[in-house]
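Enquirer:
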Amino acid sequence: MVFNQACRVSAIVLAATAFVGLLFARSVPVWLATLTLTVLVFATLQTFGWPGRKTVLSGLPAAPSVWNSLLIGAFLLFLLDLTVISRELLPAGIHFLVLLLNVKLMTLHDRRDYRHLYAISLMAILASAALTTDVWYISVFILYLLAAVWSLLLHHLTGGPPSANPAVAQVSSRASWFITSRFFWLTNGIAVLTFLFTLVIFFILPRVSIGVLQQPRGEGLRTTGFSERVDLGMIGSVKEDRQIVMRVELPDQADAGKERFYLRGLAYDQYNGRSWSSGSRQRRTLGSIADGVFAVRSGANRTGHELSEPLRQDILLEALDTSVLFAAPFAEFVSADFIGIHVDSMAGLHLPYTTSSRIRYSVVSREHRISSEDRAAAELEYASAIRDHFLQIPEGSDQVRHLARRVTESAVTPHERTTAILNHLQSEYQYSLDAETSTSLHPIDDFLFHRKTGYCEHYATAMVIMLRTLGIPARLVTGFLATEWNEFGGYYTVRQRDAHAWVEVFYPHSGWITLDPTPTTSSIPSPSMWEGVQRLGESIRLHWDRAFIRYSARDQMAVIHSFREGSDSARDAVTRWTVALGAAALHLIRTSIGPVQASHPIVAWTLLLASVIALSALILAVRHRWPSGHFTRGVPVRRQQQIVQHYRSMLRIVARRGIRIAPSTTPTELMQHVRQSWSEAESAVAELTALYCRGRFGNSSLSSGELVRAVEQIRDLQRLARASQ
Amino acid sequence: MTKAFGHIPTVSFQSRLRYLATRRSIRLTSEGVRFLLFTVGIGVAAINTGNNLFYLLLAMMLSLVVISGLLSEHCLRRLEFHRHLPDLIMANDPTTVTLSVTNHNRWLPSFSLRLSDVASGQHVDRGLFIDHLAAQRSVLLSYPIVASTRGKLYLDCVRAETLFPFGLFLKRALYQVPAEIPVSPPIRPVSLRFVDEIISEGQGLSLPRRGHGTQLYNLRLYQAGDDSRAIHWMTTARTSTLMVRETEAEDQRRITIALSTLAPDERNTLFEHSVTLVASLLWHLSQRSYPLRLIVHEADSGPGCGSDHLLAMLRLLALCERRAPDAAGSSLSNPVLTLGHDADRGYTVVVLPWSDPEAPAAVSGDRVLHASHIEGLTHGF
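Protein chains in written order, with the numbering used here: chain A, 1 to 725; chain B, 726 to 1106.
(1) Measuring alpha carbon to alpha carbon, tell me which of 307/A, 311/A, 347/A and 409/A ends up nearest residue 325/A.
(2) Using 10 angstroms around the beta-carbon of residue 32/A, count the other beta-carbons present and answer buried if the total reaches 16, otherwise exposed.
(3) Under 8 Å, CB to CB, which of the residues in the segment 772-793 of chain B have a partner in chain A?
(4) Over what stretch of residues does the beta strand (DSSP E) that includes residue 314/A continue unbroken?
(5) What residues of chain B sit near residue 155/A, judged by a beta carbon separation below 9 Å?
(6) Taking residue 392/A as the reference, which of 269/A, 94/A, 330/A and 231/A has the closest Cα?
(7) Any beta carbon of chain B sitting closer than 8 Å to that of residue 208/A?
(8) In or out: residue 472/A buried (at least 16 other Cβ within 10 Å) or exposed?
(9) Would you report the Cα separation of residue 958/B and residue 965/B, rounded to the nearest angstrom?
(10) Would you report the Cα separation of residue 29/A and residue 781/B, rounded to the nearest angstrom?
(11) Strictly under 8 Å for the Cβ-Cβ distance: is residue 93/A near chain B by that measure?
(12) Quick check on residue 44/A: does DSSP put it in helix, strand or coil?
(13) Classify residue 68/A: buried if its beta carbon has 16 or more other beta carbons within 10 angstroms, exposed otherwise.
(14) What distance in whole Å lies between the Cβ atoms of residue 194/A and residue 149/A, which are believed to be in contact at a cut-off of 8 Å?
(15) I want to verify the contact list: residues of chain B whose CB lies under 7 Å from the CB of residue 122/A, in sequence order.
(16) For residue 423/A, count the other beta carbons within 10 Å of its own beta carbon; 16 or more makes it buried, fewer makes it exposed. Which is it?
(17) Does the beta carbon of residue 767/B sit closer than 8 Å to a beta carbon anywhere in chain A?
(18) Please name the residue, chosen from 159/A, 65/A and 129/A, that lies closest to residue 17/A on a Cα-to-Cα basis.
(19) What span of residues does the alpha helix (DSSP H) with residue 427/A cover, start to end?
(20) Can you give me the start and stop residues for the alpha helix (DSSP H) that residue 388/A sits inside?
(21) Are the C-beta of residue 511/A and some C-beta of chain B separated by less than 8 Å?
(22) Between residue 951/B and the rest of its own chain, which residues show a CB-CB distance below 8 Å, the 5 nearest in sequence each way excluded?
(23) Among residues of its own chain, excluding the 5 on either side of residue 844/B, which ones have a beta-carbon nearer than 8 Å to its beta-carbon?
(24) Are the C-beta of residue 147/A and some C-beta of chain B separated by less than 8 Å?
(25) Buried or exposed: which applies to residue 715/A, given that a residue is buried once 16 or more other Cβ atoms fall within 10 Å of its Cβ?
(26) Near residue 748/B, what residues of its chain come up, given a Cβ to Cβ distance below 7 Å and the 5 sequence neighbours on each side ignored?
(27) Determine, using beta-carbon pairs with one atom in the segment 242-261 of chain A and one in the segment 481-498 of chain A, whether at least three such pairs fall under 8 Å.
(28) For a test of the three-state rule: what should DSSP assign to residue 1009/B, helix, strand or coil?
(29) Who are the Cβ neighbours of residue 992/B in its own chain at under 7 Å, not counting the five residues just before and after it?
(30) Whether or not the segment 3-18 of chain A and the segment 41-50 of chain A are in contact is what I'm after, with contact meaning three or more pairs of Cβ atoms, one per stretch, closer than 8 Å; do they touch?
(31) Could you work out which residue in 567/A, 692/A, 192/A and 696/A is closest to residue 747/A when comparing CA atoms only?
(32) Confirm, please, whether the CB-CB distance from residue 778/B to residue 764/B is below 8 Å.
(33) Residue 777/B lies in the beta strand (DSSP E); which residues open and close that run?
(34) What does residue 194/A reach in chain E if we use C-beta pairs closer than 7 Å?
(35) Is residue 1022/B helix, strand or coil by DSSP?
(36) Which partner residues does residue 491/A have in the DSSP bridge list?
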């Protein structure tokens, strides 16, 4: 392919890549996409000399005025689109841009047209960047970068030589050069280098966001179960929804992913028989104890409570329609880029606003453990605030009370009663998502006494009510139960279907203890290969999001800190090694020279001096043999030496043949002597002499193929010499 | 021959400073300006929105700028230039200069190299362009140069520039390749009558010498090896001793031209015309195979003939400089005026662009060309 054709192809590929970006961002209507695809195909066929192009071209307007009119028409269409149809600048601008792209593809003749096409493509890829954050963008971007490098390079090379004096400028014939494999790989190498530089610059560019004239984009994902009131049966409606709500990493847990992981959202204390609500949802604003770090409650303040080890979670939360922040129970510290965090009376975390984009935050949580005192106590005394809020039961719960008493007949302590109810629910009832209870007047009675199947809300509500009938304070908690571990990314993927409800039981000396009466379902199918692929894609998406979309000034600072720490540790290691090596060297010198120095000091000093002189001589010798240009010109020098050796071999063969070689005989004279005295060897000697002269005096390196050829000529000469003997 | 940045030949400190200051320069092309405007636009969008994909595109644009800088630098590095120049050129006469360019890069070729000469700080575009110079390869480029005045032509550097790879920036590099060429005065047509006059006058004053000719020069005793056809039989018969006849050389007419370099500033043009006249005379006489000698102030070419001798005399004329007379206007220090008697000098033409009107000196020449004569002879120059 010649340069001119390649330049056109690369321009079309560039335009096509930018268009695909817009297409993937779903910003091009079908009619415009069809038109553009047709134009792209036609432009490509035209480039490769499709025979039917003349027929099609004859039907198209050729005059520039017609195309200019089309451009004006496109602009009028843009105004109409902006004011009447889409009424937004970005979509209308994209439609206009695609129309311009089509016109330019059809009129791609002059170098100016190419430059216009490059500019339009750049605007298009910019527009698609504004419309998406999906991971496909990186592949479009890489393709675009590759096409851009090819286009710019070929555009430059197909242009004439720049000359202030065109009269004397040599006429360039580069436009008709062919794309060689060397040029192909050179250009791709440049593209790879550009991509690497792009990554480096991307990560070191200081992140600033002024946010002038920005519009919020889209609404958050709709969730259920995290509003002020939760109707029984609401969670069941999302149990088939696979949409991702959040991703949770546990950076300090080496064996993460093996256990189910609870992400607490909100807690509810009031139940009216059909729905849960919170009697008092008063919130207080958390104080910031450091830059971006909020203290929810410190473990040190909870003296007397047995707490688990701190558990750190890094959470990437999708844009939701709720302001609730999720975390493992119970959050102690939250660190994030938030302007503030609120906490309600039941330890629920809230943002002051709902977010329109993904957010990332870290939480350190510690769970309560039942103390031995609470475990063994026959009777537990609760504070009035606890009794007032967490012992409420709806009217008509006598049947439930009877059931609770029956189940806990043999239990002596409150803890044993709690465990008995938990075991009863887990063993006597079946998990099923088919339980339609939203229309039932007494859904818990239906669950406990009639249907005996249900899902998490039914189990949790039943347990709370049963415990409360026995005078044990309890509350319902909604959140997510993460079970899907992504082994590629090392995080939990939490989906809408993981929405869950469970129970928190209060113990005076231990605090709120998490208990889940819902039995583990065995309906989750074993992971298939396709799901593995999906998890891999999901992991890539997360990394893309983390490394590119969410990369922020805070990340840059973290990278700088890690580098600094790394360099400090490296410096320390180097210092340690240097000191150790120095000590070892000193020890060696002392042990080897010490005895001599003691007995014969002159001998010792002489030895030392001799060593220094020998070392200096060695350095000088190495420098002499290894000049400064050795590294850069090593190969030519080596090949020069090789051809000289081959030439010497040739001289020896010729001398054995009886041809006299005086010290003053030049290579050309020798060749003449050989021609006169040994004509059979003339061609071999001539070739060797030419290679020798070029390699030895021509200041140009011989290729490895030429050296091989020289060796072959030497062999021919040896063969001829043997034959003549 | 000079390597890229290695050694700098013996040049003045100022030249060295200028070289260091200008050895690399970069200039935006019109495409580069547009590219940077787009880059700034994307940068503003990125800063405004905080959209990392905009930052990614900004990084791509910046990396293209960085790659442009690196590759253009690579194209201009490790080049070696060698100028092949004649020993002497004539003013106003086009001469071919050959420039050898070697790419010492180990792997990568150089692209789109445009070369120009730098003479006395001025860049002279010779229209030299190399599309592609493979690694470890050389190329020879030829171009004409024309010197407008006699003297020395200095060529300081070779400027190499490239738009590779994307045509966004024009990167320039200076390579020190100093060269110094003497420029002889131009050869002009001289009045043939005047030349003939000099020849005829010179012939009258020529000294008889033995050589190939027809006129008798001498009779002497025969010596072994003499041509028997040269025996003069009449004298041999008369003296009974073998005598041979020697003939007189017919072309033993030597001419010396002495040029006075003493002239005040206002006579500079006439002095230059005098130099041109002398060069033209020498050329015309040399064409007629005259043995010639040129004396310029204290420099003396010595007698000789042939093209090499002519070039040596022209080199003398190329490098001679006008000297202003001292305050007293004394011309005693002018060696041209005080030429002693010298049998080898032959017919002597003294060219005096200026003589002290207060104290006219006696000039010992066979023909003296004063300012008025010179003006008459160089009228058409």
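Using N, Cα and C, we set each Cβ at its ideal position, and we do this for glycine too.
Expert: Well, looking at it:
(1) Counted from its first residue, the first sequence places residue 325/A at position 325. Ranking the options by Cα distance to residue 325/A, first place goes to 347/A.
(2) The residue you call residue 32/A lines up with position 32 of the first sequence. Buried is the call here.
(3) 772, 773, 774, 775, 776, 777, 778, 779, 780, 781, 782, 783, 784, 785, 787, 788, 789, 791 and 792
(4) Indexing the first sequence from 1 puts residue 314/A at position 314. Per DSSP, residue 314/A belongs to the beta strand (DSSP E) from 311-317.
(5) Residue 155/A sits at position 155 when you count from the first residue of the first sequence. Going along chain B in sequence order, the residues near residue 155/A (Cβ under 9 Å) are 756, 891 and 892.
(6) By 1-based counting over the first sequence, the position of residue 392/A is 392. Cα-wise, what sits closest to residue 392/A is 269/A.
(7) As a first step, residue 208/A is located in the first sequence; it is residue number 208 there, counting from the start. Closer than 8 Å to some Cβ of chain B, the Cβ of residue 208/A qualifies, so yes.
(8) Within the first sequence, numbered from 1, the residue matching residue 472/A stands at position 472. Buried is the call here.
(9) For the purposes of this step, residue 958/B is identified with residue 233 of the second sequence, where counting begins at 1. For the purposes of this step, residue 965/B is identified with residue 240 of the second sequence, where counting begins at 1. Distance between the alpha carbons of residue 958/B and residue 965/B: 10 Å.
(10) For this step, residue 29/A is matched to residue 29 along the first sequence. For this step, residue 781/B is matched to residue 56 along the second sequence. Spanning the two alpha carbons is a distance of roughly 27 Å.
(11) Locating residue 93/A in the first sequence gives position 93, where the first residue counts as 1. Output row for residue 93/A: interface = no.
(12) What you label residue 44/A is simply residue 44 of the first sequence in a count that begins at 1. The answer is helix: DSSP assigns residue 44/A an H, G or I state.
(13) In the first sequence, residue 68/A corresponds to position 68, counting from 1. Flag for residue 68/A reads exposed.
(14) To locate residue 149/A, count along the first sequence from 1; it is residue 149. To locate residue 194/A, count along the first sequence from 1; it is residue 194. About 6 Å separates the two Cβ atoms, so the contact holds.
(15) Counted from its first residue, the first sequence places residue 122/A at position 122. The contact set of residue 122/A on chain B, defined by CB atoms closer than 7 Å, consists of 763 in chain order.
(16) Indexing the first sequence from 1 puts residue 423/A at position 423. Answer is exposed; the Cβ neighbour count stays below 16.
(17) Counted from its first residue, the second sequence places residue 767/B at position 42. Yes, residue 767/B counts as interfacial toward chain A.
(18) Residue 17/A sits at position 17 when you count from the first residue of the first sequence. Among 159/A, 65/A and 129/A, the Cα nearest to that of residue 17/A belongs to 129/A.
(19) Walking along the first sequence from the start, residue 427/A turns up at place 427. First-last of the alpha helix (DSSP H) with residue 427/A: 414-428.
(20) Counted from its first residue, the first sequence places residue 388/A at position 388. From DSSP, the alpha helix (DSSP H) with residue 388/A extends over 384-390.
(21) Within the first sequence, the letter at position 511 stands for residue 511/A. Judged by the 8 Å Cβ criterion, residue 511/A is not in contact with chain B.
(22) As a first step, residue 951/B is located in the second sequence; it is residue number 226 there, counting from the start. Apart from sequence neighbours up to five positions away, the residues of its chain that approach residue 951/B with a beta-carbon distance below 8 Å are 969, ordered along the chain.
(23) As a working note, residue 844/B is residue 119 in the second sequence. So the qualifying residues of the chain are 878, 879, 880 and 881.
(24) Taking the first sequence and counting its residues from 1, one reaches residue 147/A at position 147. Judged by the 8 Å Cβ criterion, residue 147/A is not in contact with chain B.
(25) Indexing the first sequence from 1 puts residue 715/A at position 715. The residue in question, residue 715/A, is exposed, as its Cβ has fewer than 16 Cβ neighbours within 10 Å.
(26) As a working mapping, residue 748/B is identified with position 23 in the second sequence. Cβ neighbours of residue 748/B within its own chain (closer than 7 Å, five residues either side excluded): 898 and 899.
(27) yes
(28) Position 284 of the second sequence, counted from the first residue, corresponds to residue 1009/B. Residue state, collapsed to three classes: helix.
(29) Position 267 of the second sequence holds residue 992/B. 1078 and 1079.
(30) yes
(31) Not covered by the structure: residue 747/A. The range shown for chain A is 1 to 725.
(32) Within the second sequence, residue 764/B is the residue found at index 39, counting from 1. Within the second sequence, residue 778/B is the residue found at index 53, counting from 1. Going by C-beta atoms, residue 764/B is not nearer than 8 Å to residue 778/B.
(33) Here residue 777/B is taken as the residue at index 52 of the second sequence, counted from 1. In the DSSP assignment, residue 777/B falls outside any beta strand (DSSP E) and within the unbroken alpha helix (DSSP H) covering 777-801.
(34) Judged by its chain identifiers, the structure shown contains no chain E, and its protein chains are A and B.
(35) Numbered from its first residue, the second sequence carries residue 1022/B at position 297. Correct three-state label for residue 1022/B: coil.
(36) Indexing the first sequence from 1 puts residue 491/A at position 491. DSSP output for residue 491/A lists 486/A as bridge partner(s).
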